[in-house]
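A short write-up of the structure that comes next.
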Amino acid sequence: MIINPANLELAFKGFKTVYTDAYNKTPVLYDKIAMTVPSSGRDETYGWIGQFPRMREWLTGERQVKDLEAFKYTITNRKFESTVSLQREDFADDKFGVFKPMFAEMGQTARQHPDELIFGLLASGFASVCFDGQFFFDTDHPSVNEAGAAITVSNMQAGTNAAWYLLDTSRFIKPMIWQEREAYEFDQVNRNEDTRVFLTDAYLYGIRARVNAGFGLWQLAFGSKAPLTAANYVLARNAMGVLRGDKGRLLGINPNVLVVPRSLEEAGRTLLKAELSGGGNSNIWAGSAELIVSPYL
1328 MIINPANLEL
1338 AFKGFKTVYT
1348 DAYNKTPVLY
1358 DKIAMTVPSS
1368 GRDETYGWIG
1378 QFPRMREWLT
1388 GERQVKDLEA
1398 FKYTITNRKF
1408 ESTVSLQRED
1418 FADDKFGVFK
1428 PMFAEMGQTA
1438 RQHPDELIFG
1448 LLASGFASVC
1458 FDGQFFFDTD
1468 HPSVNEAGAA
1478 ITVSNMQAGT
1488 NAAWYLLDTS
1498 RFIKPMIWQE
1508 REAYEFDQVN
1518 RNEDTRVFLT
1528 DAYLYGIRAR
1538 VNAGFGLWQL
1548 AFGSKAPLTA
1558 ANYVLARNAM
1568 GVLRGDKGRL
1578 LGINPNVLVV
1588 PRSLEEAGRT
1598 LLKAELSGGG
1608 NSNIWAGSAE
1618 LIVSPYL
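Take the sequence shown: its letters are residues 1328 to 1624, numbered as in my numbering.
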């Protein structure tokens, strides 16, 4: 092939098509448990996280305005890249077909990157701080009871087994946050007059993004390191069902997603998909939640 700007641009368009096609066809799971929030700066502060203004009967006087700045949970965007180098002589020798699988893999990797960050952060929740200053999964989150008195509550179960997670993703606010400042972009450095190309006799193709994962509401998540059994599943559901907001309002949480690592897939399927329980009776928990098996846990 003759190496000129037109042919280099044509090759780039071909590589980008392969990348984009693979990106669009790759299934993801992060959007099932995380809300996507566009970012307009270096970081974003979620002052409203943890605020649950309740409805009240308005009899007299003015509205009671709730301050949404009680918590200041900040998610700072992180920059990511993945870059490959292709030798100039490979273009001259028409080796385009050899590189197509690599660009397809780049597209798949970029698409799955949010899964890696979101589920990786979820797994770290037993030792990572969320908006209230406690670990996301903790035994002493500050809360209030029905009378408005200060108490602490738990959204975790201790143990030594592989962790599993019960979530309520039915609300507009989700247990996790996917923050996106600059989406994944495929780009090139392939002009022969570029210093890098001149010195190395190679062209660069890469992906760049500015994004990050963060915690949403801990009240919408329960983490357990106890065995994944029907009894512990019920315990988690019951614990989430009685959680209240910062003003004492019962939140009405309805767990609908069970997230497990690959090692607990069989236990998860038995719990949520089997028609009969181990004793031969009807499995009353079949279909009570969607099962998500993540390789990033």
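From the three backbone atoms N, C-alpha and C, an ideal C-beta is built for every residue, glycine too.
Delimiting residues of the alpha helix (DSSP H) encompassing residue i
| i | result |
| --- | --- |
| R1474 | In the sequence as presented, Arg is not what sits at residue 1474; that position holds Ala. Here A1474 belongs to no alpha helix (DSSP H), and DSSP marks it neither H nor E. |
| I1555 | Inspection of the sequence shows that residue 1555 is occupied by Leu rather than by Ile. Neither: L1555 is in no alpha helix (DSSP H) and is coded neither H nor E. |
Residues that DSSP places opposite residue i in a beta bridge
| i | result |
| --- | --- |
| F1542 | M1503 |
| I1376 | According to DSSP, I1376 bridges with nothing at all. |
| W1491 | S1551 |
| S1609 | L1603 |
| Q1484 | S1551 |
Simplified DSSP assignment, three categories, for residue i
| i | result |
| --- | --- |
| Y1532 | strand |
| K1406 | strand |
| R1518 | coil |
| V1392 | At V1392, the pLDDT of 49 sits below 50, so the modelled position is not reliable; the number obtained from the coordinates is stated separately. In this structure, V1392 counts as coil in the three-state DSSP scheme. |
| R1576 | coil |
| K1448 | Before going further, note that residue 1448 is Leu rather than Lys in the sequence given. L1448: helix per DSSP, three-state reduction. |
| T1353 | coil |
Sub-9 Å separation of residue i and residue j beta-carbons
| i | j | result |
| --- | --- | --- |
| L1618 | S1609 | no |
| D1495 | V1584 | yes |
| R1576 | P1622 | no |
| L1562 | L1591 | no |
| P1582 | L1449 | no |
| E1416 | G1533 | no |
Where the beta strand (DSSP E) containing residue i begins and where it ends
| i | result |
| --- | --- |
| G1283 | The question about residue 1283 has no answer, for the chain in this structure spans 1328 to 1624. |
| A1361 | 1361-1365 |
| E1371 | 1370-1373 |
| S1621 | 1617-1621 |
| P1588 | 1584-1588 |
Burial state of residue i (16 or more Cβ within 10 Å)
| i | result |
| --- | --- |
| S1551 | buried |
| R1596 | exposed |
| F1418 | buried |
| R1508 | buried |
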